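One structure below.
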Amino acid sequence: MAALDFNISLHDVCLGCARQATISPAADAFVTLVAELVRAAEWVQDGLDGAADGDWTWLQFARWKARQPLAGDVWAQKLREIRGKGWAATALEVTHAVDTHRRSAASTISQLAKGIGDNPGRSAILERAIRMVETDSAALQESDAIMQISGCTKPPDVYQQMMGARGAGYKQPSPWHLTAATWRDATKRGGSISVDRLADYFDEQFPHVHDLNALPCCAVHDPTPVGGDCPHTWALRTAQAHRRLHVAEWVQRLELAAGGLFSTEGDTTDNCTHLMCVPWWPLTGEGMDSIAYLAQFEVVSGPHQLARRDGYGGYRSGSVAILRVPAWAAAHVAELPAPMHSEPITDDRHQAIRLARWAGVAIVSSEFTSRRKPTVMVDEARSGLAQRESGSGHYYYGRVHRPLTPDSAPPDLYRGRDGGGDWTAYAVRHALEPGAVFVYGCDDLALLSMGLPEDSRWQVRGRIHVELQTECPSHDDPGPHLCEVEGVVESVRSNGALSFIPEGLHNGVTIPAAYIVGLTVIR
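Remember, the working numbering sits 3 above the position in the sequence shown when you count from 1.
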């Protein structure tokens, strides 16, 4: 029983018992949901226990929240599967239990987020101040100059390591980045940084001068040579004075930048005024400490699981999520080395869909409503696609092959036998060969759903002609538009709704029949 992590291989059961060991879809959905409710209770308790042990960081909070059970649309479908004779009362009880858990989970998430001591709004402004000093001053170049004067030999690169080469010396910290991190941590705690103590630490980390030509002796003239000085001692004192000068200047620049930001953009409340596209959801990886606080905000679209190419010719999985965030969070991520796109919230109900499409999500389930009738644009496109079949001539390339028209006969599955007989699921699948076209509103929908039922594992690659509500790769102006999207058709319901996994996505969407013009089978 997969829902309870309990499984017996069919090799360990006799064939007669294996055939008799069945479970109804309603019972399977019930067991799956109950098992998930047990995991959900354990997940809530894990969060409470972890927060009680000590101060959580935002990264720990994000990693805990990423494991949240009963999240996503799949569980709504599981609830709908608990149906049939004798299941009505059980379905109500399970639905009530799921709703109760979700209210408890929302309360726990809010409680844990408020209990984290790190103020994300203040931390975001400090991060922006560091970024501002990096981009608007020569801090990075000054840090590189210190490394040139007193830095040890750099470790070998990847190729040298593969060849077995060893780098002399040891790895030393970047003076600028260490100064910025120390200042940020001290300021977050309400303290201040000691320039002298930090300079003393750098004196220990950089005990020698390796490049006399890089010393700024002409510009600084401090310290002046004293009696008994040798070139080594004089160079060492000159390098120390040079480092102290830059550390003091860096701290001063950081204080000025932070003061300006706090005076002009000091509103760090949780009033959410922007939509943000997060392309690396969830924010649980190493190095995401400064942006992990985004996990506390509402996800309005997604997560959409994308299949991205990595640097080695393979694929890696990642997700895109659209969040509702405050203005200070939008300003923070916009100034990152890899900025995230955000927009002020408008009255456009398709704004989140447009942001998801901008991140590479071909189809978003929220752009479809429950309407039952197609628009005039879809009707005209269906008629146009159906009329292409009427072309004549052996070389008429506009002609389309429609094997599932209302008056069509099953294909000849066996040589030497005339066509005819009744349609079967196998015959439908055989007819849906590459190049076959199905026109919604014109062809036999019952045959298509027979060949691609919901409980079948047989899938077909296809190109759907569908109405989308915003910009798409074929149209730059606002929608609605008719677009062609390639992917995998998983199933077709009796009402024509199509379960479809677009190319480049891992999770599928359900597209109502009223939005579909047609389907073309491809290789």
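Glycine included, each C-beta is placed from N, C-alpha and C at the ideal position. If you're wondering where the values come from, they're calculated on a predicted model, not measured in any experiment.
Anyone know if the C-beta pair for L264 and R131 falls short of 8 angstroms?
-> With respect to R131, L264 sits close: the two C-beta atoms are nearer than 8 angstroms.
Just confirm the distance between the C-beta atoms of A359 and V336, as a whole number of angstroms; I'd bet it's less than 8 angstroms.
-> Their Cβ separation, rounded to whole angstroms, is 17 angstroms, which puts A359 and V336 out of contact at 8 angstroms.
Range of the contiguous alpha helix (DSSP H) that encloses F33 | If you look at F33, you'll find it in the alpha helix (DSSP H) that goes P28 to D56.
Extent of the continuous alpha helix (DSSP H) to which F441 belongs = Element bounds for F441: not the alpha helix (DSSP H) but the beta strand (DSSP E), V440 to V442.
Note down the Cα distance separating E145 from I325, rounded to an integer number of angstroms.
-> Our two residues, E145 and I325, have alpha carbons roughly 39 angstroms apart in a direct line.
Three-state secondary structure (DSSP) of W461 = Three-state DSSP puts W461 in coil, outside helix and strand.
Any idea which residues DSSP pairs C533 with across the strands?
-> Because the chain is modelled from 4 through 526, residue 533 falls outside the range shown and cannot be assessed.
Do L407 and L471 have their C-beta atoms within less than 8 angstroms of each other?
-> No, the Cβ-Cβ distance between L407 and L471 is not below 8 angstroms.
Would you mind giving the Cβ-Cβ distance between L62 and M291, rounded to the nearest angstrom? I have them listed as a contact below 8 angstroms.
-> Right, their Cβ atoms sit about 6 angstroms apart.
From P340, H344 and G321, residue whose alpha carbon lies closest to that of A330 | Of P340, H344 and G321, the residue nearest in Cα terms is H344.
Closest by CA to V212, which one among W237, R192 and V198?
-> When only C-alpha atoms are compared, the closest one is W237.
Indicate the three-state DSSP secondary structure (helix, strand or coil) for Y398 in the structure shown.
-> At Y398 the pLDDT is 45, less than 50, meaning the model places this residue with poor confidence; the figure from the coordinates comes in the next sentence. Annotated three-state conformation of Y398 is coil, per DSSP.
For E346, which three-state DSSP category applies?
-> For E346, the three-state secondary structure derived from DSSP is strand.
Supposed close pair I133, R187 - CB separation, criterion 8 angstroms | Right, the Cβ-Cβ distance comes to about 6 angstroms (below 8 angstroms), so this counts as a contact.
With a threshold of 16 other CB atoms inside 10 Å of the CB of V101, please say whether the residue is buried or exposed.
-> Only buried fits V101, as 16 or more other CB atoms lie within 10 angstroms of its CB.
Host alpha helix (DSSP H) of S126 (start-end) | Boundaries of the alpha helix (DSSP H) harbouring S126: P123 to D139, taken from the DSSP string.
Do you know whose CA, among S126, R105, S177 and W461, lies nearest A142's CA?
-> Comparing Cα-Cα distances from A142 to each of S126, R105, S177 and W461, the minimum goes to S177.
Output yes or no for whether 8 angstroms exceeds the beta carbon distance between I504 and G511.
-> With contacts defined by Cβ atoms closer than 8 angstroms, I504 and G511 form a contacting pair.
Please name the residue in A298, E301, W283 and I294 whose C-alpha comes closest to that of A310.
-> Taking only the C-alpha atoms, the option nearest A310 is W283.
Rounded to whole angstroms, what's the CA-CA distance from I149 to F64? Just pull it up for me.
-> If you take the alpha carbons of I149 and F64, they lie about 38 angstroms apart.
Relative to the alpha-carbon of A43, which residue among A92, R106 and W90 has its alpha-carbon at the smallest distance?
-> By alpha-carbon distance to A43, the top candidate from A92, R106 and W90 is R106.
Classification of E506 by the beta-carbon crowding that lies within 10 angstroms, buried from 16 upward = Label assigned to E506: exposed.
Helix, strand or coil: how does DSSP classify P1 here?
-> Residue coverage of the chain in this structure runs from 4 to 526, which leaves residue 1 outside it and unanswerable.
To the nearest angstrom, how far is it from the Cα of Y398 to the Cα of T427?
-> With a pLDDT of only 45 at Y398, under 50, the local geometry of the prediction cannot be trusted, and no value is derived from it.
So what's L501 in DSSP terms, helix, strand or just coil?
-> Three-state DSSP puts L501 in a strand.
Using the rule of at least 16 other Cβ atoms within 10 Å of the residue's Cβ for burial, across every protein chain shown, is T182 buried or exposed?
-> Note on T182: 16 or more other CB atoms within 10 angstroms of its CB, so buried under the neighbour-count rule.
For E493: DSSP bridge partner residues | Answer by DSSP bridge pairing: none, since E493 is not bridged.
Rounded separation between V491 and T523 - CA only | Take the alpha-carbon of V491 and the one of T523: they are about 11 angstroms apart.
From K81 to Y204, what does the alpha carbon distance come to, in whole angstroms?
-> Between the alpha carbons of K81 and Y204 lies a distance of about 60 angstroms.
Report the partner residues of S322 according to the DSSP bridge assignment.
-> Paired residue(s): W284 and Q308.
Going by DSSP, name the residue or residues bridged to I514.
-> Answer is L501, bridged to I514.
Close beta carbons around H509, own chain, < 8 angstroms, minus the five adjacent residues each side | The answer, listed in chain order, is Q308, L309, A310 and S320.
Have a look at L193 and A184 and give me their C-alpha separation to the nearest angstrom.
-> What sits at residue 193 in the sequence shown is Gly, not Leu. When rounded, the distance between both Cα atoms is 14 angstroms.
Any chance the segment 439 to 456 sits against the segment 470 to 486, with 3 or more Cβ pairs inside 8 angstroms?
-> Touching, no.
Straight-line gap, E493 to E338 (C-alpha atoms, nearest Å) = So the two alpha carbons sit approximately 41 angstroms from each other.
Through-space distance from V364 to A412, alpha-carbon basis = Distance between the alpha carbons of A412 and V364: 39 angstroms.
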